[in-house]
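The listed protein sequences correspond, in order, to chains W and G.
Position 182 (the first sequence) corresponds to 312 in our numbering; numbering is contiguous.
Position 252 (the second sequence) corresponds to 382 in our numbering; numbering is contiguous.
See structure below.
Number of protein chains: 2
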Amino acid sequence: MRRSAHAAPDERSPRLGGGGEFSLIRRFLEANPLPLDVRVGPGDDAVVFVDGLVVSTDVSVEDVHFRSAWLSEPETGYRAVTAALSDLAAMAATPVGVLVSLAFPERTDVEAVMSGVKDACREAGTHLVGGDLSRSPGPLVLDAVVLGRTGRPALRSMALPGDELWVTGPVGASAGAVRVLEAGADPGPELRRAYARPRARIAEAARLAHASVLGACIDVSDGLSGDAGHIAAASGVRIVLDAAAIPIHPALAAHFGAEESLELALHGGEDYELLFSARPGAPVAGALQAHEAASLARVGHAEVGEGVWLRAPDGRERRLLRGGYSHVEDVAP
Amino acid sequence: MRRSAHAAPDERSPRLGGGGEFSLIRRFLEANPLPLDVRVGPGDDAVVFVDGLVVSTDVSVEDVHFRSAWLSEPETGYRAVTAALSDLAAMAATPVGVLVSLAFPERTDVEAVMSGVKDACREAGTHLVGGDLSRSPGPLVLDAVVLGRTGRPALRSMALPGDELWVTGPVGASAGAVRVLEAGADPGPELRRAYARPRARIAEAARLAHASVLGACIDVSDGLSGDAGHIAAASGVRIVLDAAAIPIHPALAAHFGAEESLELALHGGEDYELLFSARPGAPVAGALQAHEAASLARVGHAEVGEGVWLRAPDGRERRLLRGGYSHVEDVAP
Numbered sequence: 131m132r133r134s135a136h137a138a139p140d141e142r143s144p145r146l147g148g149g150g151e152f153s154l155i156r157r158f159l160e161a162n163p164l165p166l167d168v169r170v171g172p173g174d175d176a177v178v179f180v181d182g183l184v185v186s187t188d189v190s191v192e193d194v195h196f197r198s199a200w201l202s203e204p205e206t207g208y209r210a211v212t213a214a215l216s217d218l219a220a221m222a223a224t225p226v227g228v229l230v231s232l233a234f235p236e237r238t239d240v241e242a243v244m245s246g247v248k249d250a251c252r253e254a255g256t257h258l259v260g261g262d263l264s265r266s267p268g269p270l271v272l273d274a275v276v277l278g279r280t281g282r283p284a285l286r287s288m289a290l291p292g293d294e295l296w297v298t299g300p301v302g303a304s305a306g307a308v309r310v311l312e313a314g315a316d317p318g319p320e321l322r323r324a325y326a327r328p329r330a331r332i333a334e335a336a337r338l339a340h341a342s343v344l345g346a347c348i349d350v351s352d353g354l355s356g357d358a359g360h361i362a363a364a365s366g367v368r369i370v371l372d373a374a375a376i377p378i379h380p381a382l383a384a385h386f387g388a389e390e391s392l393e394l395a396l397h398g399g400e401d402y403e404l405l406f407s408a409r410p411g412a413p414v415a416g417a418l419q420a421h422e423a424a425s426l427a428r429v430g431h432a433e434v435g436e437g438v439w440l441r442a443p444d445g446r447e448r449r450l451l452r453g454g455y456s457h458v459e460d461v462a463p
Numbered sequence: 131m132r133r134s135a136h137a138a139p140d141e142r143s144p145r146l147g148g149g150g151e152f153s154l155i156r157r158f159l160e161a162n163p164l165p166l167d168v169r170v171g172p173g174d175d176a177v178v179f180v181d182g183l184v185v186s187t188d189v190s191v192e193d194v195h196f197r198s199a200w201l202s203e204p205e206t207g208y209r210a211v212t213a214a215l216s217d218l219a220a221m222a223a224t225p226v227g228v229l230v231s232l233a234f235p236e237r238t239d240v241e242a243v244m245s246g247v248k249d250a251c252r253e254a255g256t257h258l259v260g261g262d263l264s265r266s267p268g269p270l271v272l273d274a275v276v277l278g279r280t281g282r283p284a285l286r287s288m289a290l291p292g293d294e295l296w297v298t299g300p301v302g303a304s305a306g307a308v309r310v311l312e313a314g315a316d317p318g319p320e321l322r323r324a325y326a327r328p329r330a331r332i333a334e335a336a337r338l339a340h341a342s343v344l345g346a347c348i349d350v351s352d353g354l355s356g357d358a359g360h361i362a363a364a365s366g367v368r369i370v371l372d373a374a375a376i377p378i379h380p381a382l383a384a385h386f387g388a389e390e391s392l393e394l395a396l397h398g399g400e401d402y403e404l405l406f407s408a409r410p411g412a413p414v415a416g417a418l419q420a421h422e423a424a425s426l427a428r429v430g431h432a433e434v435g436e437g438v439w440l441r442a443p444d445g446r447e448r449r450l451l452r453g454g455y456s457h458v459e460d461v462a463p
C-alpha cells in the first residue's frame, strides 16, 4: 500500500501521478465491508487483525519502481522485501514470515534475486516461508507479503497535539541517488547504498514500543512531508516540521545545493526511516541503543489544526502539500 | 505455489516446462531455515503456523496463466483469487482475508478486475482486506494472498494404505476449455464456465473436516494425476485411480473423444475440485450437503507402494507420470 514514490515520471517509467495508486486501492478497500476480526483496516501501513496478526503486501515492478540498470538482482530482491518489512516496522510489529511472488523475464537470474530476498529476511530476523514463481513476458514483478505480530500496533492516528515528531535517521539519500542516476551520473557509494540497501527499522520500532514512548508511527516511504501528512490527516493534528532540524543526508551535499537537498529530504521518499510521535520529554533516545540514538532527530511537533507546515529558521511557516518533488506552496503562517 | 498448469506451451505463452517453477520455489524454500512457529512448511498447498494461521500466495500473469482474449477483466480477478482460495480449501482452512497486488497496463479497467476479486471473496465468505497497485509496462500481473485459519490442517501427507480416494466434482473441463480456445473455437457455456468461474471448495472442505472424514487433501490444480502424485509422494503410498470411476466432465464429449477427455481429466488441471483420502467406509457423502454429494466420486484408493497408477476396466494398470498433457507411460502392473 505505497505509491511508487521515486520512479521518474518519464515514458519508460509509467506511474500514477498524485498518489493515484494510493487513492485507487483505498477506494476499493473502503467501499468493501471488513471482516469483524480486522482491528486496523486499510489506510494504515498494514492490516491488523484482532489477534495481533499484521499483514502487508508491496509490489515492485521493473521500470516503475526500479530500473534493472541501477540495481543488481540481489539488490532488487533485497529492496522489495525491505520495503514491505518496513511496513511492519511502521506498525511496531515483529516479523514472523515473508512470502515472495516473482514474475520474471527469461533473462532474470532467479537465484540471484532470491539471495537478496533472503538477505532482507535474515537482516530483519525472519524467514522466507512461501511464495510463487512464474515467467513474465514483460518486466520483472516482485510482490512481497510480510506477516508480523504485535500486541499494540503503532498507528498513524495516534499523534496528539503537543507531541514531538522524531525521525530515526537521515532522509533524502535514496531519492538523491535516483536523481543522480537519472542524470546518468554516479551517486557514489553512500547515496547508492541508501537507495539499494535500505534498512527496515524493525528493531528500533520494537525498542520504542517496548519503552512505551511510541505514539503515531509511519515509515518514510512517500517523503517526510507526505508521511507527516498521513499522520496529520489520520490523527487530526497540524504538524510543524522545523527546517533546521531535518536530518538531510550529508552525502547529498556532494551533488545538490542546500535547497534541492531539503526538497529531496521532504519529498523524495523511500528512506524507510521511521517518523513517529512521542509525548514531549519522553525518553526517546534512551529507548534506543546508542548507535541507533546517534542518528535520531527531533524534527518537529504536532499541534491543534491540520496539514503539514515547514518552519524556516526565521520563524516563517509555509504549508507543504502532498505530491511530487517540488509541490511546496508558500503560505503565510 | 502452483505450476502454471494450463498455459499453452507456445511462444506467446512462455512457461516453465516440467514443473520447473514448482521445483524452483521449493528449492529456495527448502534450503531455507524455517521459523520455529511454522507447523507446515513449503511443499503443501499453504504455509501453516502453529497458531493455525494458514497463508498462501498465487501469482497470475497475462499470457502465461491466462489470455485477456479469453477472460473478461472481472473473470481475470475472480479466477486469480479463487485459485488462491482453493489452496485454503485444500488445507481445510476457513478464509479470514484476501490481499491483492495488481500490476496493470494502461488499457486495464482496474475497477472491473477488482469487481471480480470481490466476487471471489464474497463467494468464499471472506473479504478483501489489503493490497497494492502499480502500473505495469508489460502484462497484467495479479498476486493473490489468502489468509485462513484451521484447527487441524488437511495435509498431503495424511493418506494411509487402504484409504479411498475421492474427488468433489467433475474434472477436465477447464483444460478442455483452454484447448478449444487455443484452437480458435467456442468451448460453449459449460466448459467456458468451468475455466472462467471455478469454485473454491471451501465449504465442502470445512464439512468434511468437521465430520472427521478428511485424510489427505489437495485441490486439483495440476490435474488429477499430478495431484494424486503429490499425495502419493507426501504420504508414501501408491495411489491407484480407477479409469472408469473418474468423473470426466460431461461437456467434454461435445469436443473430444473418450481418450482425449480422459487425458484432460488426468492431466489438465485447474479444476479446483478437492482430491482427498478417507478411511474405507467413512461417511463421506453424508458429511456433505445433498447438492455437493451429488457430484462426489470415489476415484481410487491408496495402498502400500509408490506412484500413481491408472487401472483400466480390464484390470490392467499403467503408471501415470507427472508432467504435461500426455505423459502417460505404459507399464505392466
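We put the CB at the ideal spot given by N, CA and C, even for glycine.
Quiz item: What's the call for V297(W), buried or exposed, on a 16-neighbour Cβ count within 10 Å?
Solution: Your numbering for residue 297(W) matches position 167 in the first sequence. Answer is buried; the Cβ neighbour count reaches 16.
Self-check item: Identity of the residue in R169(W), S425(W) and W200(W) nearest P377(W) by Cα
Solution: As a first step, residue 377(W) is located in the first sequence; it is residue number 247 there, counting from the start. Nearest option by C-alpha distance: S425(W).
Practice problem: Kindly say whether L201(W), judged by its beta-carbon, lies nearer than 7 Å to any beta-carbon of chain G. | Solution: Taking the first sequence and counting its residues from 1, the one referred to as residue 201(W) is at position 71. Not an interface residue.
Quiz item: Are the C-beta atoms of A336(W) and some chain G residue less than 7 Å apart?
Solution: Counted from its first residue, the first sequence places residue 336(W) at position 206. No, its Cβ sits nowhere closer than 7 Å to a Cβ of chain G.
Self-check item: Simplified DSSP state of R209(W), which is helix, strand or coil
Solution: For the purposes of this step, residue 209(W) is taken as the residue at position 79 of the first sequence. Three-state result, R209(W): helix.
Quiz item: Just reading off the alpha helix (DSSP H) that R322(W) is part of, what are its end residues?
Solution: Residue mapping note: residue 322(W) aligns to position 192 of the first sequence, counting from 1. Looking at the DSSP string, the run of the alpha helix (DSSP H) that includes R322(W) is G318 to A326.
Quiz item: Three-state secondary structure (DSSP) at E409(W)?
Solution: Reading the first sequence from its first residue, position 279 is the one you call residue 409(W). For clarity, residue 409(W) is Arg in the given sequence; the question names Glu instead. R409(W): coil per DSSP, three-state reduction.
Exercise. Please check the pair A395(W) and A346(W), which I expect to be a contact at CB under 8 Å, by giving their CB distance rounded to whole angstroms.
Key: Residue 395(W) sits at position 265 when you count from the first residue of the first sequence. Residue 346(W) sits at position 216 when you count from the first residue of the first sequence. Not really, about 20 Å apart at Cβ, beyond 8 Å.
Quiz item: Short check: CB of S186(W) to CB of V189(G), under 7 Å?
Solution: Looking up residue 186(W) in the first sequence gives position 56. Looking up residue 189(G) in the second sequence gives position 59. Result no, Cβ atoms of S186(W) and V189(G) do not sit closer than 7 Å.
Practice problem: Check each candidate in E253(G), A254(G) and S231(G) and name the one with the smallest Cα separation from V243(G). | Solution: Counted from its first residue, the second sequence places residue 243(G) at position 113. Among E253(G), A254(G) and S231(G), the Cα nearest to that of V243(G) is on S231(G).
Quiz item: Would you say C347(G) touches the ligand GDP, meaning its beta carbon is less than 6 Å from a heavy atom?
Solution: Judged by which ligands are present, the structure shown has none, so any question about the ligand GDP falls away.
Quiz item: Going by beta carbon distance, what residues of the same chain come within less than 8 Å of S198(W), once the five residues before and after it are set aside?
Solution: Residue 198(W) sits at position 68 when you count from the first residue of the first sequence. Counting only Cβ-Cβ distances below 8 Å, and skipping sequence neighbours, we find E192, T206 and L270.
Quiz item: From this set, D262(G), G411(G), G398(G) and L277(G), which residue's C-alpha is nearest D175(G)'s C-alpha?
Solution: For the purposes of this step, residue 175(G) is taken as residue 45 along the second sequence, with counting starting at 1. Answer by Cα proximity: L277(G).
Self-check item: Whether R286(W) touches A364(W) by CB criterion (7 Å)
Solution: Taking the first sequence and counting its residues from 1, the one referred to as residue 286(W) is at position 156. Taking the first sequence and counting its residues from 1, the one referred to as residue 364(W) is at position 234. Yes; because the gap between Cβ atoms is below 7 Å, this pair is in contact.
Quiz item: Between D352(W) and chain G, is there a C-beta pair that is closer than 7 Å?
Solution: Your numbering for residue 352(W) matches position 222 in the first sequence. No - not a single Cβ of chain G is within 7 Å of the one on D352(W).
Quiz item: If you run the structure through DSSP and keep just helix, strand and coil, what is A307(G)?
Solution: On the second sequence, residue 307(G) is found 177 positions in, with the first residue counted as 1. A307(G): helix per DSSP, three-state reduction.
Exercise. Would you kindly work out how many angstroms separate the C-alpha atoms of L451(G) and G292(G), rounded to a whole number?
Key: Locating residue 451(G) in the second sequence gives position 321, counting from the first residue. Locating residue 292(G) in the second sequence gives position 162, counting from the first residue. Their Cα atoms are separated by approximately 22 Å.
Exercise. Return helix, strand or coil for F416(W), following the three-state DSSP convention.
Key: Along the first sequence, read from residue 1 onward, the residue named residue 416(W) stands at position 286. Looking at the sequence provided, one finds Gly at residue 416(W) rather than Phe. Of the three classes helix, strand and coil, the one that applies to G416(W) here is helix, per DSSP.
Quiz item: V177(W) and V228(W) look like a contact to me (Cβ under 8 Å); what is the Cβ gap, rounded to whole Å?
Solution: Position 47 of the first sequence, counting from 1, holds the residue named residue 177(W). Position 98 of the first sequence, counting from 1, holds the residue named residue 228(W). 16 Å between Cβ atoms; not a contact.
Self-check item: Beta-carbon contacts of A462(G) that lie in its chain and below 7 Å, excluding the five residues immediately before and after
Solution: Residue 462(G) sits at position 332 when you count from the first residue of the second sequence. Legend: pLDDT at A462(G) = 33, less than 50; position of this residue unreliable, value from coordinates given subsequently. Excluding positions up to five away in sequence, the list is empty.
Quiz prompt | Residue interval of the alpha helix (DSSP H) (run including L277(G)) | solution = Counted from its first residue, the second sequence places residue 277(G) at position 147. Premise fails: L277(G) lies in the beta strand (DSSP E), V271 to R279, not in any alpha helix (DSSP H).
Exercise. Specify, as a first and last residue, the run of the beta strand (DSSP E) that R441(G) falls within.
Key: As a position in the second sequence, residue 441(G) is number 311, starting the count at 1. It spans G437 to R441 - the beta strand (DSSP E) in which R441(G) sits, taken as one unbroken run.
Practice problem: Can you pull the chain G residues whose beta carbon is under 8 Å from the beta carbon of H195(W), in chain order? | Solution: As a first step, residue 195(W) is located in the first sequence; it is residue number 65 there, counting from the start. S264, listed in chain order.
Exercise. Within the same chain, show all residues whose beta-carbon is closer than 6 Å to that of A250(G), passing over the 5 residues directly before and after it, in chain order.
Key: One-based indexing of the second sequence puts residue 250(G) at position 120. Contacts found: Y208, V211 and T212.
Quiz prompt | Same chain, Cβ closer than 6 Å to L130(G), neighbours up to 5 away in sequence not counted | solution = Nothing can be reported for residue 130(G): it is not among the residues displayed for chain G, which extend from 131 to 463.
Quiz item: What residues in the region 175 to 196 of chain G bring their beta carbon closer than 9 Å to a beta carbon of chain W?
Solution: A176, V177, F179, D181, L183, V185, S186, T187, D188, V189, S190, V191, E192, D193, V194 and H195
Quiz item: Under the three-state reduction of DSSP, which class applies to P225(G): helix, strand or coil?
Solution: As a first step, residue 225(G) must be located in the second sequence, where it is residue number 95. The answer is strand: DSSP assigns P225(G) an E or B state.
Quiz item: Among all the DSSP beta bridges, which residues are the ones paired with C347(W)?
Solution: Working through the first sequence from its first residue, we reach residue 347(W) at position 217. In DSSP, C347(W) forms a bridge with F406(W).
Exercise. Determine the direct distance from the alpha carbon of D273(G) to that of G260(W), and round the result to whole angstroms.
Key: Here residue 260(W) refers to the residue found at position 130 when the first sequence is read from its first residue. Here residue 273(G) refers to the residue found at position 143 when the second sequence is read from its first residue. Distance between the alpha carbons of G260(W) and D273(G) is about 13 Å.
Exercise. Using alpha carbons as the reference points, say which of S407(G), A373(G), A408(G) and L404(G) lies closest to L392(G).
Key: The residue given as residue 392(G) occupies position 262 in the second sequence. Here the closest residue by C-alpha is A373(G).
Quiz item: Counting along the chain, where does the beta strand (DSSP E) carrying I369(W) start and finish?
Solution: Residue mapping note: residue 369(W) aligns to position 239 of the first sequence, counting from 1. Run containing I369(W): R368 to D372, per the beta strand (DSSP E) assignment.
Self-check item: Whole-angstrom distance between E436(G) and G445(G), CA atom to CA atom
Solution: The residue you call residue 445(G) lines up with position 315 of the second sequence. The residue you call residue 436(G) lines up with position 306 of the second sequence. Each residue's alpha carbon lies about 18 Å from the other.
Quiz item: How big is the Cα-Cα spacing for P204(W) and P283(W)?
Solution: Within the first sequence, residue 204(W) is the residue found at index 74, counting from 1. Within the first sequence, residue 283(W) is the residue found at index 153, counting from 1. Distance between the alpha carbons of P204(W) and P283(W): 31 Å.
Practice problem: Indicate the three-state DSSP secondary structure (helix, strand or coil) for E141(G) in the structure shown. | Solution: Looking up residue 141(G) in the second sequence gives position 11. For E141(G), the pLDDT reaches just 27, beneath the cut-off of 50, and the residue's location in the model is therefore unreliable, leaving the point undetermined.
Exercise. Since I believe V370(W) is in contact with E499(W) (beta carbons under 8 Å), could you give me their beta-carbon distance rounded to a whole number of angstroms?
Key: Outside the displayed span of chain W (131 to 463) sits residue 499(W), for which this structure offers no information.
Quiz item: Helix or strand or just coil, what does DSSP make of D174(G)?
Solution: If you number the second sequence from 1, residue 174(G) lands on position 44. Reduced to three states, the DSSP call for D174(G) is strand.
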